[in-house]
Amino acid sequence: MKNSIYYLTVVLVAFTFTLSSCDTDALHDLNENPTVAEDIDPGFVLSYTQLQTSGERFENWRAQLIYQSTMIQQFATLPTYWAGDKYLYIDSYSGALWARAYTNYIKDLSNLVEITDPTVDGQDQWVNYHAIARIWKVVAFQRVTDLYGDVPYFGAGKGFSERNFFPSYDPQQEIYMDMLSELEESAAMLTSSASDPGSQDLIYGGDIEQWRRYAYSMMLRLGLRMTKVDPEAAEEWAQKAIAGGVMQSNADISYIQHTDGPEGINRNGIGEVFNYDGSSFTNDDSPRLSKTFVDWMNANDDPRLERLSWVVNGGPAQGLPNGYDATTIEQFDPGYDGDDYSRINPVFVLRESPMVFQTYAEVQFMLAEANERWGLNTGATAADHYEAGVRAAMEMYSIYDESVAVPSSEIDTYLAQNPYDSGNWDEILGSQYWAVTFLNFYETYANWRRTGYPELTPVDYPGNQTNGTIPRRLRYPGSESSGNPEAYTEALNRQGPDEFTTRMWWDAE
C-alpha cells in the first residue's frame with residue numbers, strides 16, 4: 001500500500017550515518033548554500049521528520065499520555081506523576097512536546113522546505129517534496145500551537161540559516177491564517193508531472209493525490225477549529241476544503257506503520273511507553289481505560305469496547321475513575337485490585353503499532369458538522385456522513401490487527417441502536433469524534449476544547465493548579481522565561497498568564 005516497512009527500518013540508520021560522516025568542509029558547503037539541496041537527499045529528511053513528528057517515548061509519554069489522555073478522560077491512573085487528571089504541574093512533562101519539536105523536527109522541516117524550493121534554479125524537480133514538506137510542517141505546528149497557544153512560528157527553525165536563536169512568539173491567529181494558506185498553496189502545487197518521494201514518504205508512499213486530499217482534510221480541521229472565534233472564516237475555509245476534495249475512504253488515513261526497531265525512532269512512541277513483552281506491560285503498567293470512556297461506550301453498546309479492553313482478572317470492561325491516587329482510590333473501591341480494571345488491549349499499543357494523524361472518520365464527522373452548521377453542500381446529508389463516519393471509525397481498527405476488526409453486522413446493529421439525531425448534532429458528532437481520535441490525544445484534546453463534547457466532569461484533586469477545572473492548555477517550558485525572556489513576556493502580555501487555565505485564541509469562551 002502506502003508504506004514501505006523495509007524503508008522505515010533503515011531510514012534512521014542511513015540518515016544518522018549521513019549526519020555522523022559530515023566533516024567541517026561539508027558543513028561549510030551547506031552554510032554557503034542553505035537553500036539548495038545539493039548532495040542532501042530530501043527523501044531521507046522527509047522520512048526522518050515524519051518519524052520525528054510521530055515521536056518517541058519521551059514526548060508521547062509526557063505530553064500525549066500523562067497529560068492529554070487523562071485530562072480528556074480516556075485513560076486514568078493512580079500514580080501522581082501522571083499529573084494530567086489531577087491537574088498538577090510538572091515542568092518537564094508539560095513542556096515535553098515543545099522540547100522535542102523545537103530542538104528536532106521543526107528545524108529539520110524548515111530546512112527541508114528551503115532546500116526543495118522549486119523556484120530556485122535547478123530545483124523544479126523537488127516541487128512535490130517541497131509541497132509535502134510544507135503540508136507536514138503544518139501537521140507538526142498544528143500540534144504545537146494547539147497545545148500551547150502563541151508559539152514561535154515564522155522565525156522558528158531559523159537558528160542555522162538566519163542565526164535567529166531567539167524567535168518571537170507569534171499570535172495564534174496569525175499562525176492559523178498562515179497554516180491554512182500553506183495548505184492551500186501546497187495542495188495546488190502538487191503535480192503528477194514531477195517526481196515523488198515514493199517509499200521515502202512513510203505516510204502515502206508518494207501518492208500525490210492522497211497528499212492533496214490530506215491537505216484539504218487538514219484545511220477542514222483547521223477551519224472548523226475557528227468556529228468559536230471567527231465563524232465566517234471557519235465557513236470560508238471549510239468550503240474551500242470541501243471544494244478541493246477531502247479524504248474519500250479509510251485508504252486515505254494519515255498514519256505511519258511503525259516497526260520494532262532497529263532504532264528507537266522507528267518504534268511507536270506510545271508502544272514504547274507500554275513496552276508489551278507478550279504477557280504484560282513492562283515499562284508503565286499504570287494506565288487503565290477511564291470510567292468516563294468505558295461508561296460512554298457501554299451506554300451506547302459500542303462494539304469497540306470489547307476490542308479495546310483487556311481485564312487481566314477476566315470479567316466485563318471496567319473503567320477507572322479519574323482524579324484518584326493509590327490511597328484515595330480506596331474511597332471509591334475498598335480493596336482495589338488494578339487487575340479488575342480495563343487495561344488497553346496490547347494490540348493497539350505495540351512498539352510496531354501504527355501512529356495515526358488524521359482519519360477518514362474524523363473527516364466525515366466534520367462534513368456532517370459543516371452541513372448542519374452552515375448548510376454547506378457536502379455531497380451527502382449530515383446523517384449519511386454520520387453513518388459513514390461511524391462505520392469508518394470501527395472498520396479502521398483493522399490497521400492495528402485483523403483480530404480487532406469490527407464486522408459489518410455489529411456496525412449495522414450499532415447504527416440501528418444509535419441513529420443520528422439532527423436536533424442534537426453537536427453532542428453526537430463531538431462525542432463520536434472524541435471516540436475515534438482515541439490514541440491521537442493531541443486531536444482529542446483540541447476538539448473537545450472547541451466543542452465541549454462529550455461533557456466531562458472535572459476532578460478536584462488536592463493541590464491542583466486549576467481550581468478543579470479541566471486545563472485549557474499546557475504551560476510553556478520553564479526555561480523559556482530565562483532563555484527567551486523578551487519573546488516569552490510579550491506572549492504572556494498578549495495571550496495571558498502562562499497557566500493551565502489560560503485560553504488560547506480559538507478557544508474563546
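Numbering (the UniProt record's numbering), first residue to last: 1 to 509. Ideal Cβ placement from N, Cα and C applies to all residues, glycine included. Predicted, not measured: the structure shown is a model, and the values here were computed from it.
Endpoints, the beta strand (DSSP E) within which residue i is located
i: residue 355; result: 354-358
i: residue 203; result: Residue 203 -> no beta strand (DSSP E), and no H or E assigned at all.
CA-to-CA distance, residue j to residue i, given in whole angstroms
i: residue 311; j: residue 169; result: 46 Å
i: residue 314; j: residue 425; result: 36 Å
i: residue 456; j: residue 127; result: 45 Å
i: residue 321; j: residue 64; result: 19 Å
i: residue 473; j: residue 193; result: 43 Å
i: residue 209; j: residue 122; result: 25 Å
i: residue 152; j: residue 198; result: 32 Å
i: residue 32; j: residue 503; result: Residue placement at residue 32 is flagged as unreliable, the pLDDT there being 43, under the threshold of 50; the coordinate-derived value follows with that caveat. Using only the alpha carbons, I get a separation of about 43 Å.
i: residue 164; j: residue 46; result: 23 Å
i: residue 445; j: residue 60; result: 14 Å
i: residue 407; j: residue 395; result: 8 Å
i: residue 468; j: residue 85; result: 10 Å
i: residue 112; j: residue 42; result: 7 Å
i: residue 55; j: residue 116; result: 24 Å
i: residue 50; j: residue 82; result: 27 Å
i: residue 453; j: residue 429; result: 8 Å
i: residue 493; j: residue 332; result: 43 Å
i: residue 546; j: residue 125; result: This structure cannot speak to residue 546, because the chain is shown only from 1 to 509.
i: residue 103; j: residue 53; result: 12 Å
i: residue 480; j: residue 497; result: 14 Å
i: residue 303; j: residue 389; result: 15 Å
i: residue 91; j: residue 422; result: 43 Å
Residue i beta carbon near the ligand NAD (any heavy atom closer than 7 Å)
i: residue 488; result: The model depicted lacks the ligand NAD and carries no ligand whatsoever.
7 Å Cβ shell around residue i - same chain, five flanking residues per side excluded
i: residue 353; result: 258, 268, 271, 400
i: residue 378; result: 242, 367, 370, 371, 385
i: residue 25; result: Note that residue 25 has pLDDT 39, beneath the 50 cutoff, so the model's placement of it is unreliable and no number is given.
i: residue 148; result: 98, 473, 474, 476
i: residue 78; result: 286, 324, 325, 326, 329
i: residue 239; result: 376
i: residue 70; result: 76, 77, 82, 84, 85, 322
Range covered by the alpha helix (DSSP H) that runs through residue i
i: residue 495; result: 485-495
i: residue 255; result: Where residue 255 is concerned, there is no enclosing alpha helix (DSSP H), although the beta strand (DSSP E) it sits in stretches over 254-257.
i: residue 87; result: Unbroken run through residue 87: none, as it is neither H nor E.
i: residue 472; result: Premise fails: residue 472 is in no alpha helix (DSSP H) and is neither H nor E.
i: residue 297; result: 291-299
i: residue 132; result: 127-148
i: residue 100; result: 96-100
i: residue 416; result: 408-417
i: residue 506; result: Per DSSP, residue 506 belongs to no alpha helix (DSSP H) and is neither H nor E.
i: residue 441; result: 441-451
i: residue 535; result: Outside the displayed span of the chain (1 to 509) sits residue 535, for which this structure offers no information.
Contact set for residue i: own chain, Cβ-Cβ below 6 Å, skip 5 residues either direction
i: residue 186; result: 131, 134, 135, 215
i: residue 506; result: 225, 226, 229
i: residue 137; result: 109
i: residue 348; result: 400
i: residue 21; result: Only weak support exists for where residue 21 lies, its pLDDT of 34 falling under 50; the coordinates are left without a value.
i: residue 157; result: 106, 107, 110
Helix, strand or coil at residue i [DSSP, three-state]
i: residue 57; result: helix
i: residue 46; result: helix
i: residue 113; result: helix
i: residue 190; result: coil
i: residue 280; result: coil
i: residue 22; result: Low local confidence applies: a pLDDT of 36 at residue 22 is under 50, so the model's placement there is unreliable, with the coordinate-based value given in what follows. Coil, per DSSP.
i: residue 163; result: coil
i: residue 288; result: strand
i: residue 500; result: coil
i: residue 309; result: strand
i: residue 124; result: helix
i: residue 459; result: coil
i: residue 108; result: helix
i: residue 405; result: coil
i: residue 541; result: The question about residue 541 has no answer here: the residues shown for the chain are numbered 1 through 509.
i: residue 156; result: coil
i: residue 302; result: coil
i: residue 83; result: coil
i: residue 178; result: helix
Own chain partners of residue i with C-beta closer than 8 Å, once the 5 adjacent residues on each side are dropped
i: residue 516; result: What is shown of the chain runs 1 to 509, which leaves residue 516 out entirely.
i: residue 237; result: 180, 219, 220, 222, 223, 226
i: residue 289; result: 74, 75, 76, 308, 309, 317, 319, 320, 341, 342, 343, 344
C-beta neighbour in chain D for residue i, strict 8 Å
i: residue 217; result: Included in the structure is just one protein chain, with no chain D present.
> What beta strand (DSSP E) runs, 3 residues minimum, are completely inside the stretch 315-400?
Replying inline: Contiguous beta strand (DSSP E) elements confined to the stretch 315-400 occur at 354-358, taking only those with 3 or more residues.
>> Just to confirm the assignment: which complete alpha helix (DSSP H) runs, minimum length 4, are found wholly within the stretch 215-273?
In response: Entirely contained in the stretch 215-273, the alpha helix (DSSP H) runs reaching 4 residues are, in chain order, 231-244.
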